[in-house]
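Using the numbering used here, the first residue of the sequence shown is number 761, and each one after it goes up by one. By construction, the Cβ of each residue, glycine as well, lies at the ideal position given by its N, Cα and C atoms. Since the structure is predicted, the reported quantities are computational estimates derived from the model, not experimental observations.
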Amino acid sequence: MLVHRGIKHIGSRVSCRYASTNTGKSSNSGKDEMIRFRSHVLPSDRANLARYGGRQTVTALPGDGIGPEMIDHVNRIFSFAQVPVDFETIQVSSDNPREEDLENAIVSIKRNGVALKVVIFILYGLEHESAAGVVESLKIVTREKMERISRYAFDYAMKYDRKKVTAVHKANIQKLGDGLFLKIASDIAKNEYPEIKFSAMIVDNASMQLVSRPQQFSGGIMLMPNLYGNIISNIACGLVGGPGLVSGMNFGNKYAVFETATRNTGTTLAGKDIANPTAFIRASCDMLRYLNFNEYADLISDALFETLTIQRIHTQDIGGTAKASELVNSLLENIEKSCVNTKYRFRS
């Protein structure tokens, strides 16, 4: 379903072209599991990306809470694996929100085309208080945007062999807004993607079904407006182990922002070296696939799979005792093991 023991010191750095999926588990089933663990991201054909093998500059937004720690983990991994990405770090925080900082972040993203973002707890919505104690919140939808997200879902399904798309809506109540969304998704399914199975489900029922019978959504895509997506994605994260495991992606016509799937600042975990970095590492792999750096994404993702699934190095949130830094150390060790293989170039 898509809604997408450490070591004390590692002194070496790795430069390799990674193609193998074998990082320690010899069975075919192990290789299959490792490949399934990899994310699937449609590469960019519009973003302002580096050309001719150059380095890519990416906007980094550490945000609040555990954000700076997460950026540090990814920086360490990218540096070790010699990923050709440079981060332009822009500080935006809810502790001291400034319009200038937000503007700098927007300008940076427009310049670089891609951002890696941790949660910034600043909320903006189309709402206002029309009178004391009376608040109006607006939900604005357009045919253009609904068509774009619907086609993206079906394109993704076609490319990655997803068998069905389920539109989640509230058209029984919001007959115009969600009614338009449902009609557009249904028409696109019928007229443009007849080979993909299409169904619709009211968001209330979808939430219950996801908890009671999640297997019915296996191998498919859930398509929905943003508000329902925030809720459904958190339920899905809970089903697979919690907010520390799943990445999230945001795509525009020209720009893309990669982050964790749940918008949780983890303020109570900050500075303790216990916040699970898995979701943010996976977000960085998603970003690399978007940038067409698939070999680096595979290298990091497979090393993470080895750490979590084979070596079973887990942080406290998923029943383990490892520190976040220990998990990252193990990941780096697995990267080194992969590249020491005679097929690859290794530089100390």
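DSSP on K930, reduced to helix/strand/coil? Note: K930 maps to coil in three-state DSSP.
So which of F1011, Q851, L999 has the shortest CA-CA distance to S972? Ranking F1011, Q851, L999 by Cα distance to S972 puts L999 first.
If I follow the unbroken alpha helix (DSSP H) through L1029, where does it start and stop? Taken as a continuous stretch (DSSP letters only), L1029 belongs to no alpha helix (DSSP H), as it is neither H nor E.
Sorted by chain position, which residues of the same chain lie with C-beta nearer than 6 Å to F1065's C-beta, five sequence neighbours on each side aside? Excluding the 5 residues flanking it on each side, F1065 has same chain C-beta neighbours closer than 6 Å at M794, F797, in chain order.
Can you say whether T1067 is buried or exposed, counting buried as having 16 or more other CB atoms within 10 angstroms of its CB? Buried, because 16 or more other Cβ atoms sit within 10 Å of the Cβ of T1067.
Beta-carbon within less than 7 Å of T781's beta-carbon, same chain only, minus the 5 sequence neighbours each way: which residues are those? Bear in mind that a pLDDT of 37 at T781, under 50, signals an unreliable position, so the number given afterwards is only what the model happens to contain. Excluding residues within five positions, the ones whose Cβ falls inside 7 Å are K791, M794, I795, D1062.
Who are V925's beta bridge partners in DSSP? Answer is F958, I981, bridged to V925.
Where does the unbroken beta strand (DSSP E) through G1008 begin, and where does it stop? Per DSSP, G1008 belongs to the beta strand (DSSP E) from 1007 to 1011.
Just to confirm, are I866 and F914 a CB contact at a threshold of 8 Å? Not in contact: I866 and F914 (Cβ atoms no closer than 8 Å).
In angstroms, rounded to a whole number, what distance separates the CA positions of I1034 and I1073? Roughly 13 Å separates the two Cα atoms.
Euclidean distance between Cα positions of A960 and Q975: Distance between the alpha carbons of A960 and Q975 is about 16 Å.
Nearest to V963 by CA position, among I944, P985, K957, K943, is which residue? Distance from the Cα of V963 is smallest, within the candidate group I944, P985, K957, K943, for P985.
Let's test the definition: count the other Cβ atoms within 10 Å of the Cβ of G814 and tell me whether it reaches 16, buried, or not, exposed. Exposure of G814 is indicated by the presence of fewer than 16 other C-beta atoms within 10 angstroms of its C-beta.
First and last residue of the beta strand (DSSP E) that includes H888? That run of the beta strand (DSSP E) goes 887 to 891.
Among residues of its own chain, excluding the 5 on either side of K899, which ones have a beta-carbon nearer than 7 Å to its beta-carbon? These residues qualify, in order along the chain: G937.
Check whether the stretch 1010 to 1030 and the stretch 824 to 835 touch, using three or more Cβ-Cβ pairs below 8 Å as the test. The stretch 1010 to 1030, when compared against the stretch 824 to 835, does touch it at the 8 Å Cβ threshold.
DSSP-derived helix/strand/coil call for L821: In the structure shown, L821 sits in a strand (DSSP, three-state: E or B).
Tell me, please, which residues DSSP counts as bridged to E848. Beta-bridge pairing links E848 to T819.
Return the Cβ separation of V895 and T819 in integer angstroms, given the expectation that the two are a contact with Cβ distance under 8 Å. The pair is not a contact, with the Cβ atoms about 33 Å apart (cut-off 8 Å).
Please report the straight-line C-alpha distance between S853 and K1032, rounded to a whole angstrom. Going from the Cα of S853 to the Cα of K1032 covers about 20 Å.
Kindly identify the DSSP beta-bridge partner or partners of S897. S897 pairs with E887.
Determine the closest residue to S1007 out of V878, P803, D861, V845, with distance taken between C-alpha atoms. Checking every option, the nearest Cα to that of S1007 belongs to V878.
C-alpha distance - D1046 paired with S897, whole-angstrom precision: Taking the straight line from one Cα to the other gives about 33 Å.
Mapping the DSSP letters down to three states, classify K1083 as helix, strand or coil. DSSP places K1083 in coil when its eight states are reduced to three.
Is it the case that the Cβ atoms of V928 and A917 are separated by a distance below 8 Å? In this structure, V928 keeps its C-beta atom at 8 Å or more from the C-beta atom of A917.
Near N1054, which residues of its chain fall below 6 Å by C-beta distance, leaving aside the five closest residues on each side in sequence? The answer is none, since no qualifying residue turns up.
In the stretch 853 to 887, which residue ranges form an unbroken alpha helix (DSSP H) of at least 4 residues, counting only runs that do not cross its ends? Those alpha helix (DSSP H) runs which fall completely within the stretch 853 to 887 and span 4+ residues are 859 to 872.
Could you please give me the residues that DSSP links to T1020 through a beta bridge? Note: T1020 sits in a beta bridge opposite S1007.
Integer-rounded CB distance, given that R1042 should sit under 8 Å from S839: Between R1042 and S839 the Cβ distance is about 18 Å, and since that is not below 8 Å, they are no contact.
Since I believe A1021 is in contact with L983 (beta carbons under 8 Å), could you give me their beta-carbon distance rounded to a whole number of angstroms? Contact doesn't hold; Cβ gap of about 16 Å is too wide.
Would you mind giving the Cβ-Cβ distance between I837 and L1091, rounded to the nearest angstrom? I have them listed as a contact below 8 Å. So it is a contact: roughly 7 Å between Cβ atoms.
Three-state secondary structure (DSSP) at P803? Assigned with DSSP and collapsed to three states, P803 falls in coil, not helix or strand.
V843 and L1048 look like a contact to me (Cβ under 8 Å); what is the Cβ gap, rounded to whole Å? Indeed they touch by this definition, with Cβ atoms about 7 Å apart.
For N994, does the three-state DSSP call read helix, strand or coil? In this structure, N994 counts as helix in the three-state DSSP scheme.
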